[in-house]
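Read through the structure below, which is laid out as structure tokens, and then see the notes.
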Amino acid sequence: MLDAAEIRTVLVVTAHPDDIDFGGAGTVASLTDRGVQVVYLLATSGDAGGFDRAVDGVGMAELRRAEQAAAAKQVGVTDIRHLGYPDGAVEATLGLRKDITRVIRQVRPDLVITSTPERNYVRLGPTHPDHRAVGSATLDAVYPDARNPYAFPDLLTEEGLEAWTVREVWMIGSPTPNHWVDVTATLDRKLAALRAHESQTGHMDDMEGFVKGFLSANAQAGGLPEGTYAESFHVMSTG
Ligand SMILES: [Zn+2]
Numbered sequence: 001m002l003d004a005a006e007i008r009t010v011l012v013v014t015a016h017p018d019d020i021d022f023g024g025a026g027t028v029a030s031l032t033d034r035g036v037q038v039v040y041l042l043a044t045s046g047d048a049g050g051f052d053r054a055v056d057g058v059g060m061a062e063l064r065r066a067e068q069a070a071a072a073k074q075v076g077v078t079d080i081r082h083l084g085y086p087d088g089a090v091e092a093t094l095g096l097r098k099d100i101t102r103v104i105r106q107v108r109p110d111l112v113i114t115s116t117p118e119r120n121y122v123r124l125g126p127t128h129p130d131h132r133a134v135g136s137a138t139l140d141a142v143y144p145d146a147r148n149p150y151a152f153p154d155l156l157t158e159e160g161l162e163a164w165t166v167r168e169v170w171m172i173g174s175p176t177p178n179h180w181v182d183v184t185a186t187l188d189r190k191l192a193a194l195r196a197h198e199s200q201t202g203h204m205d206d207m208e209g210f211v212k213g214f215l216s217a218n219a220q221a222g223g224l225p226e227g228t229y230a231e232s233f234h235v236m237s238t239g
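Heads up: the sequence shown at position 201 corresponds to 201 in UniProt numbering, and the numbers run straight through without jumps.
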């Protein structure tokens, strides 16, 4: 696993606005606190989301981009990029791999955080089909596409984007986590980020209780001290 000092730039690739905030915003806050540059890349703008909606899909996408920008600000992230794929219909196509490869080569991250491509049979929520498609395309972009100068050759010849090797991937929503980050100190900012997704979390009676519940269960699973909160990841070296 990379040492903290080796992680200078991180690219987070998710399907929807709010995915990183449920899965990893506390960790993101601790990264930006120590000066790590974190960039968010979203495959969709969440146009199929919301509850009791008064807007159409286009209005919802606009609203959710603004909510994601507000949420990101709570944890020190200002660079957010959008691919604009349709929410609910993302597939792990060559086109998506190329779009993610392009951003990996632009951002040149040491670490990529993304969704697991695996289905979780214990809890369905974290492995929404869009999450699995984005996780799968992202892993393929990390290996082999981004590091192979002959993959999507026009990225190099037309756009001047040199091959780049991402050294490590952390997957959120994994049924087999192997790394737990203590987010007790950044919990308030994670909750503020989640509250910024008003269209998704405003209807929840006890959002704070729900989030604290699963973070506390994570901490327990990871063997962290009683009373702490943790986000869990499946960490994978790409070497
Ligand atoms: Zn999602």
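By construction, the Cβ of each residue, glycine as well, lies at the ideal position given by its N, Cα and C atoms.
Minimum C-alpha distance to residue i - residue among the options
i: Ala5; options: Arg97, Ser199, Val90 and Asp110; result: Asp110
i: Met204; options: Asp140, Phe51 and Asp188; result: Phe51
i: Gly209; options: Leu187, Glu226, Thr176 and Ala66; result: Leu187
i: Tyr40; options: Ala54, Leu83, Val58 and Asp3; result: Leu83
i: Leu124; options: Ser174, Val77, Ser136 and Pro144; result: Ser174
i: Ala92; options: Gln106, Ala29, Gly222 and Asp140; result: Asp140
i: Ser232; options: Glu226, Ala61, Gln220 and Gln106; result: Gln220
i: Gln106; options: Trp170, Val142, Asp182 and Val122; result: Val142
i: Pro144; options: Leu155, Thr165 and Thr127; result: Thr165
i: Gly227; options: Gly135, Met1, Gly59 and Ala217; result: Ala217
i: Leu194; options: Gly24, Ile172 and Gly135; result: Gly24
i: His234; options: Ala192, Val183, Ile172 and Val38; result: Ile172
i: Arg108; options: Thr9, Ala72 and Ala66; result: Thr9
i: Asp33; options: Val183, Gly59, Gly57 and Ile80; result: Val183
Buried versus exposed call for residue i [16 or more other C-beta atoms within 10 Å across all chains shown]
i: Ala185; result: exposed
i: Leu63; result: buried
i: Tyr229; result: buried
i: Glu168; result: buried
i: residue 244; result: In this structure the chain extends from 1 to 239, so residue 244 is not present and cannot be described.
i: Ala61; result: buried
i: Met1; result: exposed
i: Ala54; result: exposed
i: Thr201; result: buried
i: Thr138; result: buried
i: Pro126; result: buried
i: Pro177; result: buried
i: Ser199; result: buried
i: Val181; result: buried
Within 9 Å, strictly: CB atoms of residue i and residue j
i: Val75; j: Lys190; result: yes
i: Gly26; j: Leu215; result: yes
i: Ala196; j: Asp21; result: yes
i: Val77; j: Val112; result: no
i: Val103; j: Leu11; result: yes
i: Leu155; j: Thr101; result: yes
i: Gln37; j: Asp79; result: yes
Residue range of the alpha helix (DSSP H) that includes residue i
i: Met207; result: Met207 to Ala221
i: Arg102; result: Leu94 to Val107
i: Val134; result: Pro129 to Asp140
i: Asp33; result: Ala25 to Asp33
Boundaries of the beta strand (DSSP E) in which residue i is found, first to last residue
i: Met1; result: Here Met1 belongs to no beta strand (DSSP E), and DSSP marks it neither H nor E.
i: Ser199; result: Element bounds for Ser199: not the beta strand (DSSP E) but the alpha helix (DSSP H), Glu198 to Thr201.
i: Val122; result: Here Val122 belongs to no beta strand (DSSP E), and DSSP marks it neither H nor E.
i: Leu42; result: Gln37 to Thr44
TODO: Would you be able to state if there are at least three C-beta pairs under 8 Å between the region 111–131 and the region 12–19?
DONE: yes
TODO: Inspect the CB distances between the region 149–158 and the region 97–116 and report whether three or more fall short of 8 Å.
DONE: yes
- [ ] Inspect the CB distances between the region 112–121 and the region 154–162 and report whether three or more fall short of 8 Å.
- [x] No, the region 112–121 does not touch the region 154–162.
- [ ] For the region 72–87 and the region 37–46, state whether three or more C-beta atom pairs, one from each stretch, are separated by less than 8 Å.
- [x] Enough Cβ pairs lie closer than 8 Å, so yes.
Task: Environment of ligand 2 in chain order, Cβ to heavy atom below 6 Å - done: The model depicted lacks ligand 2 and carries ligand 1 instead.
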